[in-house]
Amino acid sequence: MIKGFITYKRDNHVIPSDSLKQKNKQMKSKKILILLLLISGFSFSQKKTRADRFFEKGDFINAAIQYEEELNKEGYSKEVLGNISTSYYNTFQFKKAYRYLKNLVTGRFYNADKNYDNKYNFMMYQVLSAMGKYEKAVTFLTLYKKNKEEKFNKNDAIEIIENFKLKEDDYTVEPVTFNSDASEFGAVKIDSLIYFTSDRKPSSIGDRKFLWTHRSFLDIYKIKLDENKQPIEEAVGISDVINTKLHEGNFTFSRDMKTLYFSKSNSEKGKKKFDSLNNNAVHLYKAELQEDGEWSAPKKLLFNDVSYSIEHPALNQEENRLYFSSNMPGGFGGFDIYYVEINPGGDYGPPINLGSKINTAHRDQFPFIDRKGNLFFSSDGHLGLGMLDIFVCEKKKDGFVQPVNLGAPLNSSYDDFSITYYNETEGFFASNRKKTGDDIYEFVQTGEIFLREYIAQFEVRDFATEEYIPNADVKLEDDRGNKIYENQLDSVATFFRKILPGKYDLSASSEGYEPRQKTFSIKEKNEEIYVIYLDKIRKEPKKKEEEIAVSIPKKEIPPKKTAPKGGDIREKLLKDKTGPPVVERNGKLYFDLPPIYFDYNKWNIRQDSKKVLDDFAKKLDKYKSVYIKIISHTDNRGSDSYNQVLSEKRAESTRNYLALEGYVNARRMKFLGMGESQPLIDCGGDCSEEEHQVNRRSEFEIVKY
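Numbering (our numbering), first residue to last: 56 to 760.
Quick look at the structure:
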């Protein structure tokens, strides 16, 4: 019997002896009935609760509040756990959603049937991804795929996701200046004006609010910015003819700005129109700019249907195709991306699905076609960093190629969507990474977003002298162990390969040297040089025969003892308190620097650490005979292999900063990544963000002086 679901309360008075037998029979009968009901999974109350009514209306905020009260009174049932998880999921309260999903998927509810809908495995995958627990998240994605009898490799999926995180940033992003406490998304720039969608409209007491968000309905706005991207005036609605009391959402303009396609709640004569299941779909509308500068009354496109939604319009450059997202029957599930041909007479062809290469069983939405015809869209069905991620499909002669995840920082573990470009490299997208509502971000594309081969130069050099090592044997493999190149090099120990960016392992060996293998992350840059350094094998010198012969020592005046030069430097290092001090730990010397912190999943030197490294460079310049080893550590989020690569990149970036910015000779600095193997705080799987930050650190060991 589950505690809190059924309670018995006995009266405090004494039961009379002549009624005791009858009372026991009644109690026994009640227990048998209760047991039968529990076995059958029967619900004691067939009436819908207040929470159920909120949930069915889409008022997930109030539904979650009411379900919490019901759980406190009655305990966990499968149905309530599913509904409260969904309520928190739909309102982006992922930690609370996880708490109840965990009970659901582990069978911690009173129903005898412990099976649950497979959709909650996918929800658990999304929630855990949003929380940054990717490896655990993919476990539930694997279970979800298995239940659907789909082929899926968990290890490959984890590697793909972690490659997204290790990918070189192709964008810089920053929030726009006109965001508010409300939701904003779908920004489009036309000359000096920016158009966008928002629910920022102030509500009076009598105004209706959207049940899902408890805020106003969506409208289309426009705003003008100055040369510093600051608002010149308040944002205003695009038109009272376009904006109504219902939703007006994502939109697209024709190039001449005379035609507007936009998403809008299906309505007739200003009132919502519902299907047989009482659902109000979203449809596509069209308005024309008239000679007086006003928009015409919107007209519903003929291929809309009351029983499903058609939304998120996007025109190609030729303006002969209109792309959109829809949950119409016959798709792959959820929302798919379609297009219709726009015929010369202005009518439309039938909707055409873009196929399984692009569409999944989940949400594939927010299409955008750039000037080159490439398709950008958002999806939570393709592997990504969590929730909706932004993808791109390059346009080729025979259609779109496989989608490419655009990676961080454009994508995050939350919803990232509605990308648009207003020139070749700049544009907008929206994300709820900072709050439960959406914000607009402006981006600049700084790298190549499509897979290209780059010429990479590899060298084998002596660690001490930095000279080429002649006749070195080398082997280059990709991260799956496939051999890319193998050869014995000549006196100039270098070779070139044209390869895709990614992780590669280079092995090198030569007579008289210790063999070594090193993982390189090949950048999106031509003729970048990647060097592997080898150390010479140290041989103990043979003692001469006369030195080991037994002889009678002669009395001699012992030489005057002087401290070795190294001892002098060691003492100076320990006493010198200018700049980072030197401390001794376990018989080894370390420079005791303030923490060199790294952001989660990043290896670039943060601004707050540059001053620390600048001071350290000055100290290394003072002691030119000192050689150091930079040892980098990560927290325990992510797989062992991913954290190993990440720590190596952090150690290498620290070395590179000291060499390039601090002018420290690179030969004096080795770097080593330790991954998550040596945490300062062994907090397991329940670490706070502060504990994770402590474990993400660098150490500076003195190896020679």
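Just so it is clear, CB atoms sit at the ideal spot from N, CA and C, and this is done for glycine as well. Given the structure is predicted, the values throughout are model-derived calculations rather than measurements.
State the Cα-Cα distance for the pair residue 497 and residue 317, rounded to the nearest angstrom. Between residue 497 and residue 317, the C-alpha separation is close to 22 angstroms.
If you count every other CB in all the chains shown that lies within 10 Å of the CB of residue 73, and 16 or more means buried, which is it? Interpretation of residue 73 is limited by its pLDDT of 38, a score under 50 that renders its predicted location unreliable; no figure is taken from the coordinates.
Rounded straight-line distance, which links the Cα of residue 581 to that of residue 778: No answer is possible for residue 778: the residues shown for the chain start at 56 and end at 760.
Any beta carbon from chain B within less than 8 angstroms of residue 691's own beta carbon? No chain B appears in this structure, which consists of one protein chain only.
Excluding sequence positions up to five away, which residues of its chain have a Cβ less than 7 angstroms from the Cβ of residue 237? Counting only Cβ-Cβ distances below 7 angstroms, and skipping sequence neighbours, we find 253, 254, 255, 270 and 492.
Relative to the C-alpha of residue 649, which residue among 429, 639 and 665 is closest? The residue from 429, 639 and 665 with its alpha-carbon nearest to that of residue 649 is 665.
Residue 730, buried or exposed, once every other Cβ within 10 Å from all chains shown has been counted against 16: With 16 or more other Cβ atoms from the protein chains shown falling within 10 Å of its own Cβ, residue 730 counts as buried.
Proximity test, residue 216 beta-carbon vs the ligand ADP heavy atom, cut-off 7 angstroms: Of ligands this structure carries none, so the ligand ADP is not represented either.
Which ranges does the beta strand (DSSP E) cover as unbroken runs of at least 3 residues, wholly within the segment 395-477, from first to last along the chain? Listed in chain order, they are 419-424, 430-434, 444-448 and 471-476.
Compute the Euclidean distance between the alpha carbons of residue 488 and residue 470, then round it to the nearest angstrom. In a straight line, the C-alpha of residue 488 is about 7 angstroms away from that of residue 470.
Which of the three DSSP states, helix, strand or coil, is assigned to residue 747? Residue 747: helix per DSSP, three-state reduction.
Can you tell me whether residue 480 is buried or exposed? The criterion is at least 16 other CB atoms within 10 Å of its CB, across all chains shown. By the neighbour-count rule (16 or more Cβ atoms within 10 Å), residue 480 is not buried but exposed.
DSSP on residue 517, reduced to helix/strand/coil? Residue state, collapsed to three classes: strand.
Identify whether residue 507 lies in helix, strand or coil by the three-state DSSP scheme. In the three-state reduction of the DSSP assignment, residue 507 falls in the coil class.
So the candidates are 475, 388 and 245; which of them puts its Cα closest to the Cα of residue 310? Of the candidates 475, 388 and 245, the one whose C-alpha sits nearest the C-alpha of residue 310 is 245.
Can you name the residues that DSSP bridges to residue 369? Residue pairing by DSSP places residue 369 opposite 378 in a beta bridge.
What do you get for residue 139, buried or exposed, if any count of 16 or more other CB atoms within 10 angstroms of its CB means buried? Around the beta carbon of residue 139, 16 or more other beta carbons sit within 10 angstroms, so the residue counts as buried.
Could you tell me the alpha carbon to alpha carbon distance between residue 303 and residue 242, rounded to whole angstroms? Distance from the CA of residue 303 to the CA of residue 242, rounded to the nearest whole angstrom, comes to 14 angstroms.
Minimum C-alpha distance to residue 640 - residue among 450, 373, 279 and 755: When each option's Cα is compared against that of residue 640, the closest is 755.
Going straight from the alpha carbon of residue 183 to that of residue 589, what length do you get? Residue 183 and residue 589: Cα-Cα distance of roughly 42 angstroms.
Could you tell me which of 583, 568, 574 and 586 sits nearest to residue 594, measuring between CA atoms? With distances taken between CA atoms, residue 594 lies nearest to 568 out of 583, 568, 574 and 586.
I'd like the span of the alpha helix (DSSP H) that includes residue 268, first residue to last. Premise fails: residue 268 is in no alpha helix (DSSP H) and is neither H nor E.
Three-state secondary structure (DSSP) at residue 753? Strand, per DSSP.
Residue from 278, 315, 378 and 155 with nearest C-alpha to residue 235: Among 278, 315, 378 and 155, the Cα nearest to that of residue 235 belongs to 278.
Are at least three pairs of beta-carbons, each pair with one atom in the segment 395-406 and one in the segment 436-443, less than 8 angstroms apart? Touching, no, given that fewer than three Cβ pairs across the two stretches are closer than 8 angstroms.
For the segment 541-589, list the beta strand (DSSP E) runs that are entirely contained and at least 3 residues long, ordered along the chain. You should have 549-554, 557-564, 571-577 and 583-589.
Roughly how many whole angstroms lie between the Cα atoms of residue 450 and residue 501? The C-alpha of residue 501 is placed about 20 angstroms away from the C-alpha of residue 450.
For residue 62, the three-state DSSP class (helix, strand or coil): Caution applies to residue 62, whose pLDDT of 26 falls short of 50 and renders its modelled position unreliable; the value that the coordinates give is listed next. Assigned with DSSP and collapsed to three states, residue 62 falls in coil, not helix or strand.
From which residue to which residue does the beta strand (DSSP E) around residue 312 run? Taken as a continuous stretch (DSSP letters only), residue 312 belongs to no beta strand (DSSP E), as it is neither H nor E.
Just how far apart, CA to CA, sit residue 662 and residue 408? Going from the Cα of residue 662 to the Cα of residue 408 covers about 47 angstroms.
When you compare only the Cα positions, how much space is there between residue 88 and residue 147? Only weak support is given to the placement of residue 88: the predicted model assigns it a pLDDT of 44, under 50, and the question is left unresolved by the model.
Please identify the residue among 625, 428, 274 and 411 whose C-alpha is closest to the C-alpha of residue 437. Ranking 625, 428, 274 and 411 by Cα distance to residue 437 puts 411 first.
Under 8 angstroms Cβ to Cβ from residue 516, same chain only, skipping five residues before and after it: list those, please. Excluding sequence positions up to five before and after residue 516, its CB lies within less than 8 angstroms of the CB of 522, 523, 524, 548, 586, 587, 588 and 589, all in the same chain and listed in chain order.
Thinking C-alpha only, which one of 169, 700, 116 and 137 is nearest residue 687? Nearest option by C-alpha distance: 700.
Sort out for me which residues DSSP pairs residue 326 with in a bridge. Beta-bridge annotation (DSSP): residue 326 is paired with 323.
Which same chain residues, not among the five before or five after residue 27, have their C-beta less than 8 angstroms away from its C-beta? Since the first residue of the chain shown is 56 and the last is 760, residue 27 is not available in this structure.
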